[in-house]
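Report on one structure; see the data block that follows.
There are 4 protein chains.
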Amino acid sequence: MEERPLSRSATLLIYCPDQKGVVAAVSSFLFQHEANILHADQHQDHDLKLFFMRVEWDLTDFNLSADEFRQHFTPLAERFEMDWSIAHAEHRPAMAVFVSQHLHCLVDLLFRYSIGDLNCYIPFIISNHATARELAEFYKIPFHYIPSPDGKEAAGKVAMERAQAELLAHHGVELIVLARYMQVLSPEFVRQYPQRIINVHHSFLPAFTGARPYHAAHQRGVKLIGATSHYVTEELDEGPIIEQDVARVSHRDQIPDLVRMGRDLECRVLSKAVQWHLESRILHYSGKTVVFD
Amino acid sequence: MEERPLSRSATLLIYCPDQKGVVAAVSSFLFQHEANILHADQHQDHDLKLFFMRVEWDLTDFNLSADEFRQHFTPLAERFEMDWSIAHAEHRPAMAVFVSQHLHCLVDLLFRYSIGDLNCYIPFIISNHATARELAEFYKIPFHYIPSPDGKEAAGKVAMERAQAELLAHHGVELIVLARYMQVLSPEFVRQYPQRIINVHHSFLPAFTGARPYHAAHQRGVKLIGATSHYVTEELDEGPIIEQDVARVSHRDQIPDLVRMGRDLECRVLSKAVQWHLESRILHYSGKTVVFD
Amino acid sequence: MEERPLSRSATLLIYCPDQKGVVAAVSSFLFQHEANILHADQHQDHDLKLFFMRVEWDLTDFNLSADEFRQHFTPLAERFEMDWSIAHAEHRPAMAVFVSQHLHCLVDLLFRYSIGDLNCYIPFIISNHATARELAEFYKIPFHYIPSPDGKEAAGKVAMERAQAELLAHHGVELIVLARYMQVLSPEFVRQYPQRIINVHHSFLPAFTGARPYHAAHQRGVKLIGATSHYVTEELDEGPIIEQDVARVSHRDQIPDLVRMGRDLECRVLSKAVQWHLESRILHYSGKTVVFD
Amino acid sequence: MEERPLSRSATLLIYCPDQKGVVAAVSSFLFQHEANILHADQHQDHDLKLFFMRVEWDLTDFNLSADEFRQHFTPLAERFEMDWSIAHAEHRPAMAVFVSQHLHCLVDLLFRYSIGDLNCYIPFIISNHATARELAEFYKIPFHYIPSPDGKEAAGKVAMERAQAELLAHHGVELIVLARYMQVLSPEFVRQYPQRIINVHHSFLPAFTGARPYHAAHQRGVKLIGATSHYVTEELDEGPIIEQDVARVSHRDQIPDLVRMGRDLECRVLSKAVQWHLESRILHYSGKTVVFD
């Protein structure tokens, strides 16, 4: 994560080999520089001998600028072989939303955005359909209609993704949210945004990967349907899971009922994932996530 | 289901092609014979054009004996091509419990049995280990230790199942509950008890079929773990699902935590399935169940 | 419920003293008139000796017009002392929404309305604030700003409710939804819409009635927060409960977190109550509801 | 909490005014003494300006004995005005169980105890009925039948509690679990075990305090029933809540159904509370609990 101007509060995420003294070193460093810690949480994976830490502090009395923090913290980070990032609450990262024709997740995200629940800036919405245009305009967010190519030829897909990538680059987008975007992203595209693309899949993964999961769930006769939000990786529906939820169904529920009930689940798991990502609560390793609460 | 002497209340389960007049015919029949209906529920599968009905009535004023019911109801049933069964609350079917070394589901079932929650009679418990013997004795239920054969040779397995089958036949067992019985039943055995064997699988099926589902769930990094009770069919973990439940887990939960939390889920989904089966609430078709509430 | 032109499907709700033969009489009546039953459900309250029934049928082959139905069904209804109503799916009742400054429930309802999930017609939105005007306009629904009177004097309140009542009467409103409308309705107003006003209260009733329930919940240190949708009666927060839901909270959650998490609960319990009411799934008696699924 | 011999792992619970440098001081202290931290968690109550911390470490390399820990840690604790306690995993505190006639919670706790889920030693079970005697004997735990006095005269009650208190004192009991013990403890008794008595109440507190909560819930027509585990204080049902859970009910569920479904909830919330207390996860303040996960 790039450095940002220091302000109000800052959150540090740390990931390193587990070893004695990490907490002492980090908390002493913060104390020396007058940080007033608001929340701190640690996690150890004893099997893999890894250490994870999230610490958020009030910047009011903190005596390091963003540049000074980097300068002073780097030796400590190197000593413990840390992978680290710092986020400042005042910085609102640019978040792009991709959507197709089903608008429930977009409606949900934009309302949360409008009341200040999501600490980000949405520079634009991209869609392969025009359906969301009016909604985007209502919220005064630029809307880019980039249709899917006819047929399946590679050239059209490449052009489509190039157009998307230009917009993303131009606005310095740090997070992409696929709010029921029904197109598979190419591995090349995904590689450019590692752990920066969040998708919602309308099943309880790993059950019912791929297309039409509600049909598959109905066919199997499950008693609970689910939804899953996850980071997108090159393998479809295999990325690190961020959040999952389920709803009870019965023999009375037909596929349209599952679709309707599933919409609520999808909104919930996607909005939580987005919020947690924006609050720097998520670390990922070995195909899994640590979500600090 | 075999006929039983009529008493206090009776429950009729019906399954037939969907057509006009079934409810009218059945309810008029019951009314003519002075049944006082306690609960009635219907279900239509519009895709498959099937009709399902469960009706429970007080036998106090009912003017048909069990034999007379069969005699008078059969023409009606034939007219609508019904698959039907009747159960009388006074008849407590024989239910055998199979268990291995993990006793939580057994402890749970036996306590419910002891306070009268399960409308059945448990003639014996079978196990391939001796672990459950004392518990069985505490509840004064005969315990049969039938060990698994050494190695995987077919002959031992055949002998083991023959010993089990003899006990089942001798006691007229109508329902077999696999309360964490860690042996795969042979197709020949399963075929003898169609929709009469209930198993609990420690995952949210169809995710994580097979062995060590908690390990697989931990490996995949899911945020909810589950358990599933289902009728056993010849294909492992593929039988009609009766009940499922989940519990939330986090990155803090290691495999022993999942195992511990899963125990509670397993008890819950298994005991509900057993109770519903014993209350004649379950119909099955096309690999799915209808569970009347 | 007033009679409506018969069409596609019809739903009959019945409430009467429990007695033998009701189901037989109703189902035979429907069969005689060529109804193709889609769903049927009954319930008995054995303590109070009451019978409840909901039956929905396809009107394609049904040989009675709305008027004829009333004419032919009335003798049967009188025989069993039924309180009954019939609703036709084609009739979309007028539903008014009242809202104040918190718009989450309104956003949720209007989106569901826009995609056809709610079988109703929304002639207008009333608010004592202007906050919702743009949202109403986006969905092309007339918006009436009827401010609360200054102070607490009775005259202003009376005038306010008179203005509301005129709008309701003019549009033949059959259901009023209080989507976080932060004004207490007068008993006179409520009496005009018995079981026709649905409210959402942001607690798990009967815990935390009255104002600021999230503050009270936080103060008490509960581990789950809740929301409740209910019919409005003259006694505040005492009406028949339609739906409730809860979310887990921890010591980390401060009041703003409870408010944020509660919003999702409120949307869920209110939208379900509205949908069920519009699908004629709810009967009420003795201060409780029967919700047919 | 009294000091215990240091062994395998230790858990420190801290509660003090919030101020800069607490985490740094504690983690540096532990690091200096070669502690290998297994889990650490902090919490701040910003309104009340309080700080809470739980830290668990492996004792393998730790270079302080229990006495030395106390000696060296005390100055630091005094500097930050800490209320603190340390628990060593090897020490299994004595936990007494009180029960009346409903045995489900006792069955549940004893099974968990038997498989090692509860880090405690149960020296005896006390009951005002003989119902649990056989169960206690099965688990080889001494059973003391101390009947309730006839009538309500104070003398009998005093004698009853004196008998209980002697047993508790004799065995050095540190935690009392009321596993559906249907007697109200006197304020004098409660005062002797501050935050050392855990009760389960069969409702979602603060709804339905007092006797017969399932009847009250049924009467009110709630759609979810609940159960609550809490520390016992002198005011009935007003102690700090530790855990709550709910189950969905419908109009079909009569009081015996609520009682049956409630049993599962009661087992769950009570066993979690007991486990968390024994794992030193709970701090309490202002009538609330902090439960570290």
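Protein chains in written order, with the numbering used here: chain W, 9 to 301; chain C, 9 to 301; chain H, 9 to 301; chain U, 9 to 301. Backbone N, C-alpha and C define an ideal beta-carbon position, used for all residues, glycine too. Please read all numbers here as calculations on a predicted model, not as lab measurements.
Establish whether the CB of PHE39 (chain U) and some CB of chain W are separated by less than 8 Å.
Here the question's residue 39 (chain U) lines up with position 31 in the fourth sequence. It does; some Cβ of chain W falls within 8 Å.
Chain U within 8 Å of LEU56 (chain H), Cβ atoms only:
The residue given as residue 56 (chain H) occupies position 48 in the third sequence. Closer than 8 Å: no.
For ILE290 (chain U) and chain H, any beta-carbon pair shorter than 8 Å?
Within the fourth sequence, numbered from 1, the residue matching residue 290 (chain U) stands at position 282. Chain H contact via Cβ: absent.
Against chain W, with Cβ distances strictly below 8 Å, would LEU193 (chain C) count as a contact?
Counted from its first residue, the second sequence places residue 193 (chain C) at position 185. Under the 8 Å criterion on CB atoms, LEU193 (chain C) is classed as non-interfacial with respect to chain W.
Reference MET190 (chain W), options W:TYR201, W:GLU182 and W:ASN207, closest by Cα
Along the first sequence, one-based indexing puts residue 190 (chain W) at 182. Here the closest residue by C-alpha is W:ASN207.
Is LEU278 (chain H) helix, strand or coil when you go by DSSP?
Taking the first residue of the third sequence as position 1, residue 278 (chain H) is located at position 270. Three-state result, LEU278 (chain H): helix.
Between the alpha carbons of GLN172 (chain C) and PHE300 (chain H), how many angstroms are there, rounded?
Numbered from its first residue, the second sequence carries residue 172 (chain C) at position 164. Numbered from its first residue, the third sequence carries residue 300 (chain H) at position 292. The alpha-carbon atoms of GLN172 (chain C) and PHE300 (chain H) are separated by roughly 44 Å.
So, is the C-beta of VAL254 (chain C) closer than 8 Å to a C-beta in chain H?
Position 246 of the second sequence, counting from 1, holds the residue named residue 254 (chain C). Among the CB atoms of chain H, none fall inside 8 Å of the CB of VAL254 (chain C).
Please state whether the Cβ-Cβ distance between LEU175 (chain C) and ALA140 (chain C) is less than 8 Å.
Position 167 of the second sequence, counted from the start, is the residue given in the question as residue 175 (chain C). Position 132 of the second sequence, counted from the start, is the residue given in the question as residue 140 (chain C). No, they are not a contact pair.
Any Cβ of chain C within less than 8 Å of the Cβ of ARG260 (chain U)?
What you label residue 260 (chain U) is simply residue 252 of the fourth sequence in a count that begins at 1. Yes, ARG260 (chain U) lies at the interface with chain C (some Cβ there is under 8 Å from its Cβ).
Going by beta carbon distance, what residues of the same chain come within less than 7 Å of PHE2 (chain H), once the five residues before and after it are set aside?
Residue 2 (chain H) lies beyond the range of chain H shown here (9 to 301); nothing can be said about it.
Select from the segment 223 to 251 of chain U all residues with a C-beta closer than 7 Å to any C-beta belonging to chain H, and list them in chain order.
Answer in chain order: ARG228, GLY229, VAL230, LYS231, LEU232, PRO248, ILE249 and GLU251.
Counting only beta-carbon separations shorter than 8 Å, does LYS28 (chain H) have a partner in chain U?
One-based indexing of the third sequence puts residue 28 (chain H) at position 20. Put simply, the CB of LYS28 (chain H) is far from chain U, with every gap to its CB atoms at 8 Å or more.
Taking the CB atoms as reference points, tell me whether LEU273 (chain H) and ARG256 (chain H) lie closer together than 8 Å.
For this step, residue 273 (chain H) is matched to residue 265 along the third sequence. For this step, residue 256 (chain H) is matched to residue 248 along the third sequence. No.
For ASP301 (chain H), would you say it is in contact with chain W, using Cβ-to-Cβ distances shorter than 8 Å as the test?
Within the third sequence, the letter at position 293 stands for residue 301 (chain H). So, interface residue.
Between the beta-carbon of LYS298 (chain H) and the beta-carbon of PHE59 (chain H), is there less than 8 Å?
One-based indexing of the third sequence puts residue 298 (chain H) at position 290. One-based indexing of the third sequence puts residue 59 (chain H) at position 51. The amino acid at residue 298 (chain H) is misidentified as Lys; the sequence shows Val. At the C-beta level, VAL298 (chain H) and PHE59 (chain H) stay beyond 8 Å of one another.
Would a C-beta distance cut-off of 8 Å place ALA4 (chain U) and ILE134 (chain U) closer than the cut-off?
Since the first residue of chain U shown is 9 and the last is 301, residue 4 (chain U) is not available in this structure.
Looking at the structure shown, is SER135 (chain W) part of a helix, part of a strand, or coil, going by DSSP?
By 1-based counting over the first sequence, the position of residue 135 (chain W) is 127. SER135 (chain W) falls in the strand class under three-state DSSP.
Along the chain, where does the beta strand (DSSP E) that runs through LEU232 (chain U) open and close?
For the purposes of this step, residue 232 (chain U) is taken as residue 224 along the fourth sequence, with counting starting at 1. That run of the beta strand (DSSP E) goes 232 to 239.
Straight-line Cα distance separating PHE39 (chain C) from GLY29 (chain H):
One-based indexing of the third sequence puts residue 29 (chain H) at position 21. One-based indexing of the second sequence puts residue 39 (chain C) at position 31. Computed Cα separation, rounded: 5 Å.
Positions along the segment 171 to 204 of chain C whose CB lies within less than 8 Å of some CB in chain U:
Nothing from the segment 171 to 204 of chain C brings a Cβ to less than 8 Å from some Cβ of chain U.
Using a beta-carbon distance below 8 Å, is HIS96 (chain W) in contact with chain C?
For the purposes of this step, residue 96 (chain W) is taken as the residue at position 88 of the first sequence. Closer than 8 Å: no.
Would you say SER279 (chain C) reaches chain H, if we count a Cβ-Cβ gap shorter than 8 Å as a contact?
Translated into positions along the second sequence, residue 279 (chain C) becomes position 271. Interface residue (Cβ-Cβ distance to chain H less than 8 Å): SER279 (chain C) is not classified as such.
Is there a Cβ of chain H sitting closer than 8 Å to that of PHE59 (chain U), yes or no?
As a working mapping, residue 59 (chain U) is identified with position 51 in the fourth sequence. No - not a single Cβ of chain H is within 8 Å of the one on PHE59 (chain U).
The beta strand (DSSP E) spanning CYS24 (chain H) covers which residue range?
Here residue 24 (chain H) refers to the residue found at position 16 when the third sequence is read from its first residue. Following the DSSP letters along the chain, one finds CYS24 (chain H) inside the beta strand (DSSP E) bounded by residues 17 to 25.
Any contact between the segment 95 to 102 of chain U and the segment 15 to 24 of chain U? By contact I mean 3 or more CB pairs, one from each, below 8 Å.
The segment 95 to 102 of chain U, when compared against the segment 15 to 24 of chain U, does touch it at the 8 Å Cβ threshold.
For PRO214 (chain W), return the contacting residues in chain C, with the cut-off set at a CB-CB distance below 7 Å.
For the purposes of this step, residue 214 (chain W) is taken as the residue at position 206 of the first sequence. Those within 7 Å of PRO214 (chain W) in chain C are ALA215 and ARG228.
Taking contact to mean at least 3 C-beta pairs separated by less than 8 Å, is the segment 146 to 158 of chain C in contact with the segment 123 to 132 of chain C?
Counting Cβ pairs under 8 Å, three or more are found: they touch.
When we look at the beta-carbon of ASP75 (chain W) and count the other beta-carbons within 10 Å, is it buried (16 or more) or exposed?
Sequence index remark: in the first sequence, residue 75 (chain W) carries index 67 (1-based). Burial is judged here by how many other beta carbons sit within 10 angstroms of a residue's own beta carbon; ASP75 (chain W) has fewer than 16 and is exposed.
Could you confirm whether any beta carbon from chain W is found closer than 8 Å to the beta carbon of LEU14 (chain U)?
For this step, residue 14 (chain U) is matched to residue 6 along the fourth sequence. Reliability of the predicted coordinates at LEU14 (chain U) is poor, the pLDDT of 39 falling under 50, and the value obtained from them is presented with this limitation in mind. No, LEU14 (chain U) does not count as interfacial toward chain W.
Could one say the Cβ of HIS209 (chain C) lies closer than 8 Å to chain W's Cβ atoms, at least one of them?
Numbered from its first residue, the second sequence carries residue 209 (chain C) at position 201. False, the Cβ-Cβ gap to chain W never drops below 8 Å.
For VAL198 (chain H) and HIS238 (chain H), I'd like the C-alpha separation in whole angstroms.
The count along the third sequence starts at 1 and reaches residue 198 (chain H) at position 190. The count along the third sequence starts at 1 and reaches residue 238 (chain H) at position 230. Answer to the nearest angstrom: the Cα atoms are 13 Å apart.
Distance check for ARG188 (chain W) and GLU196 (chain W), CA to CA, integer angstroms please.
Counting from one through the first sequence, the residue named residue 196 (chain W) turns up at place 188. Counting from one through the first sequence, the residue named residue 188 (chain W) turns up at place 180. It is roughly 20 Å from the alpha-carbon of GLU196 (chain W) to the alpha-carbon of ARG188 (chain W).
Just the C-alpha distance for GLU243 (chain C) and GLY218 (chain C), rounded to the nearest angstrom, thanks.
The sequence position of residue 243 (chain C) within the second sequence is 235, counting from 1. The sequence position of residue 218 (chain C) within the second sequence is 210, counting from 1. Taking the straight line joining both Cα atoms gives about 11 Å.
Output the distance between the C-alpha atoms of CYS24 (chain C) and ASP265 (chain W), rounded to the nearest integer angstrom.
Taking the second sequence and counting its residues from 1, one reaches residue 24 (chain C) at position 16. Taking the first sequence and counting its residues from 1, one reaches residue 265 (chain W) at position 257. Cα to Cα, CYS24 (chain C) sits roughly 24 Å from ASP265 (chain W).
Determine the direct distance from the alpha carbon of GLN27 (chain C) to that of LYS57 (chain C), and round the result to whole angstroms.
The residue you call residue 57 (chain C) lines up with position 49 of the second sequence. The residue you call residue 27 (chain C) lines up with position 19 of the second sequence. Computed Cα separation, rounded: 8 Å.
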